[in-house]
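**Student:**
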Amino acid sequence: MSGERPGSAAAAQDDTQAPGWLRDLAARAGRPEGTAPWARMLPPGGQPGHRQSAVLLLFAGSHPGDGSGVPADLSILLTERAHTLRSHPGQVSFPGGRAEPLDPDLTATALRETHEEVGVEPASVAVAGRLPPLSLVVSSHDVSPVLGWWARPGRAWAREPREVARVLQVPVADLAHPAHRFRVGHPGGWVGPAFQAEDLVVWGFTAMVLDGILRLGGWELPWDESDVRPVP
1 MSGERPGSAA AAQDDTQAPG WLRDLAARAG RPEGTAPWAR MLPPGGQPGH
51 RQSAVLLLFA GSHPGDGSGV PADLSILLTE RAHTLRSHPG QVSFPGGRAE
101 PLDPDLTATA LRETHEEVGV EPASVAVAGR LPPLSLVVSS HDVSPVLGWW
151 ARPGRAWARE PREVARVLQV PVADLAHPAH RFRVGHPGGW VGPAFQAEDL
201 VVWGFTAMVL DGILRLGGWE LPWDESDVRP VP
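The sequence shown begins at 1 in UniProt numbering and counts up by one.
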């Protein structure tokens, strides 16, 4: 997806701040009641002994929108993890990773990791806010989602092929479409939301966060929650 060219009306807007609708979304997600969409599936962070990580939910569109007006072509950047990774190989995820000692904060972690993995320049991202950390008990990580607006879109690619197999810019409207929504069930009894994104199935942590974002944004459409398929 291409951004506005320099000199255009949209490009002339202040791109140092995320659009109002995205800042509002970040504020709602950060309140106790705002975490409800994923609270039943993801416990809050702060678990003893957990390592700190952050991921970037990077939204983009042909224009930033005004107030509550969301771009019709709103999209979000996702990655397909390398199939050679020991942890979650081939799964769809947000760019991000583990905090390092030199990171000033977890927002910086998300921006640094996104640059390392897919080449997005940190200066091109207007950060709307950081959500409270969510706990991944299986991997002993607390993950802080960072909401960002790609104010000056550029190239995104699998810059670190040892970690990333592919980069996807997925329209939010496609994720919300009822035909692309279902649930997946694990043999151990776990059942959670899932999405069809191109030829990939999005499930697990990424799908749970996307499900919550669609609900908070008011973008969710009625879909068949009785459609439960095996975990891919």
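Think of the CB as a built atom: it goes at the ideal place given N, C-alpha and C, for glycine as much as any other residue.
Excluding the five sequence neighbours on either side, which residues of its own chain have a C-beta within less than 8 Å of the C-beta of V191, listed in chain order?
**Tutor:** Excluding positions up to five away in sequence, the list reads R183, V184, G185, V228.
**Student:** Run through DSSP, which three-state label would R5 get?
**Tutor:** At R5, the pLDDT of 31 sits below 50, so the modelled position is not reliable and the matter cannot be decided from this model.
**Student:** May I have a chain-ordered list of the alpha helix (DSSP H) segments no shorter than 4 residues that lie completely inside the UniProt domain "Nudix hydrolase" (49–197)?
**Tutor:** Entirely contained in the UniProt domain "Nudix hydrolase" (49–197), the alpha helix (DSSP H) runs reaching 4 residues are, in chain order, 106–118, 172–176.
**Student:** Which residue comes first and which comes last in the beta strand (DSSP E) that contains V202?
**Tutor:** Here the beta strand (DSSP E) through V202 covers 200–202.
**Student:** How many angstroms separate the CA atom of G20 from the CA atom of V170?
**Tutor:** Each residue's Cα considered, the two are about 21 Å apart.
**Student:** Per DSSP, which residues does R229 bridge with? Please list them.
**Tutor:** DSSP output for R229 lists V184 as bridge partner(s).
**Student:** Grouping DSSP H, G and I as helix and E and B as strand, with all else coil, what is P44?
**Tutor:** Strand at P44.
**Student:** Enumerate in chain order the residues of its own chain whose CB-to-CB distance from H88 is below 7 Å, with the five nearest sequence positions on each side excluded.
**Tutor:** Result list for H88: R81, in chain order.
**Student:** Using only the alpha-carbon positions, how far apart do R112 and P133 sit?
**Tutor:** Approximately 18 Å between the Cα atoms of the pair.
**Student:** Apart from the five residues just before and just after R130, which ones in its own chain have a Cβ nearer than 7 Å to its Cβ?
**Tutor:** L106, T107, S144, V146.
**Student:** Just the C-alpha distance for L22 and G49, rounded to the nearest angstrom, thanks.
**Tutor:** If I take the Cα positions, the gap works out to 32 Å.
**Student:** Could you tell me if S124 is buried or exposed, where buried requires 16 or more neighbouring beta carbons within 10 angstroms of its beta carbon?
**Tutor:** The residue in question, S124, is buried, as its Cβ has 16 or more Cβ neighbours within 10 Å.
**Student:** Return helix, strand or coil for L214, following the three-state DSSP convention.
**Tutor:** It is helical.
**Student:** Would you kindly report the start and end of the unbroken alpha helix (DSSP H) that includes D24?
**Tutor:** Segment 20–30, the alpha helix (DSSP H) holding D24.
**Student:** Which residues in the same chain as H83 place their Cβ atom closer than 8 Å to its Cβ, once the five residues preceding and following it in sequence are excluded?
**Tutor:** Closer than 8 Å at the Cβ level, and outside the excluded window around H83, lie P89, G90, A165.
**Student:** Closest by CA to A54, which one among V92, G96, A39?
**Tutor:** When only C-alpha atoms are compared, the closest one is G96.
**Student:** Using the C-alpha atoms, what's the distance from L77 back to W157?
**Tutor:** The alpha-carbon atoms of W157 and L77 are separated by roughly 11 Å.
**Student:** Mapping DSSP to helix, strand and coil, what is W219?
**Tutor:** W219 falls in the coil class under three-state DSSP.
**Student:** If you run the structure through DSSP and keep just helix, strand and coil, what is T16?
**Tutor:** Coil.
**Student:** Pull up the CB-CB distance for G45 and D142, whole angstroms please, since I reckon it's below 8 Å.
**Tutor:** With a Cβ gap of about 3 Å, G45 and D142 count as contacting.
**Student:** I believe A118 touches V167 by the beta-carbon criterion, under 8 Å. Please report the beta-carbon distance rounded to the nearest angstrom.
**Tutor:** First, the amino acid is wrong: residue 118 is Val here, not Ala. Contact holds; Cβ gap of about 5 Å.
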